[in-house]
Amino acid sequence: MKDFKSGFVALVGRPNVGKSTLLNKAVGQKITITSDKPQTTRNQLRGILTGPNYQIVWVDTPGLHRPLHQLGAKMVKTAQGALSQVDVVLWVLDAAAGFKPADRKVAEILSQIKQPLFVVWNKIDLLTGDQGPLVEPEEIEPRKVLRVSAVSGAGVSDLIDSLVAELPNGPAYYPPEMVTDHPERFIVAEYIREQVLNHTEEEIPHSVAVQINDFVNRPNGQVYIEAVIYVERDSQKGIIIGAKGSRLKTIGAAARVEIEALLDAPVYLNLWVKVRKNWRNNDKNLQEFGYGEVGE
């Protein structure tokens, strides 16, 4: 189509600035999990927004941070690798928190890119007037600076319009009804991990991996799902299970609500918790849990 515009847009930034929330709001559906825990996103996730004359493929990346283990190193590699494969880069910053030292490291990386750069100040709904001016570092030259609230949606339509204007003419890469290229099993595993993040504290959220063992559509219309939550220590296993299984039941119930909305079907969710010691520094385990080829 001659006047059809399409392209790939990377969302980058330090952890916890709202990249995943912005992606979900932009495509109009929850395709990636969100949490107040840093480094929630581990994989490169794609969201697809198709309009009458455009298709934007959003690439949500793990937050750029100083890695402490092999998983973290792969996450950072994923984020940096995405920058060379897109048409536009969105640098998402936290307007409520202002410019932080961790943002300086991101600025150093972005100063080297050749693609058009948009600076997106997110969380404007949290501004109180005490933060002072929102100023980007001098070493970058953004094509555009925008302010949005990924939670309320304020400014998101302007962001989309600006992206469409920037993208080249091209074909639709995906069917118009698709909002992500990730399979349902992946999203279901992420929904379960999200609830572990929401119901645990300290080091446990970063030590968790989820693997789907069974995903069966039963004749009665119910979907049977069996999943294993992996942790690195026995003490973490006990915390996730809780007294008489109470916390695991809470995690399962909350995850089931999200999964049923995704699949539009009743779900029987069977969860197990197992220990895989030091899995985040084990290449074989990273491969098994879906992180082995991250960023490669």
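Residue numbers (the numbering used here): 1048 to 1343. C-beta: ideal position from N, C-alpha, C; glycine also.
Check, Outcome
"Span separating the alpha-carbon of residue 1054 from that of residue 1275", "37 Å"
"Beta-carbon proximity check, residue 1316 vs residue 1303, cutoff 8 Å", "yes"
"Inter-stretch contact (C-beta, 8 Å, three-pair minimum) for the stretch 1059–1074 and the stretch 1134–1148", "yes"
"In DSSP terms, what residue 1274 is bridged to", "1259, 1318"
"At least 3 beta-carbon pairs within less than 8 Å: the stretch 1265–1280 vs the stretch 1317–1336", "yes"
"Option nearest residue 1268 by Cα separation, candidates 1306, 1313, 1297", "1313"
"Residue range of the unbroken alpha helix (DSSP H) whose run includes residue 1169", "First-last for residue 1169: 1164–1169, but that is the beta strand (DSSP E), not the alpha helix (DSSP H)."
"Whole-Å CB distance - residue 1092 paired with residue 1229, under 8 Å assumed", "7 Å"
"Cut-off 7 Å between Cβ atoms - residues of its own chain near residue 1265, not counting five sequence neighbours on either side", "1271"
"Unbroken stretches of the beta strand (DSSP E), 3 residues or longer, contained in the stretch 1187–1256", "1191–1194"
"Helix, strand or coil at residue 1182 according to DSSP, with G and I counted as helix", "coil"
"Beta-carbon spacing of residue 1211, residue 1167 below 8 Å", "no"
"Per-residue DSSP class, three states only, for residue 1264", "strand"
"Neighbourhood of residue 1306 by C-beta distance below 6 Å, restricted to the same chain and skipping five residues each side", "1235, 1238, 1314"
"Classification of residue 1240 by the beta-carbon crowding that lies within 10 angstroms, buried from 16 upward", "buried"
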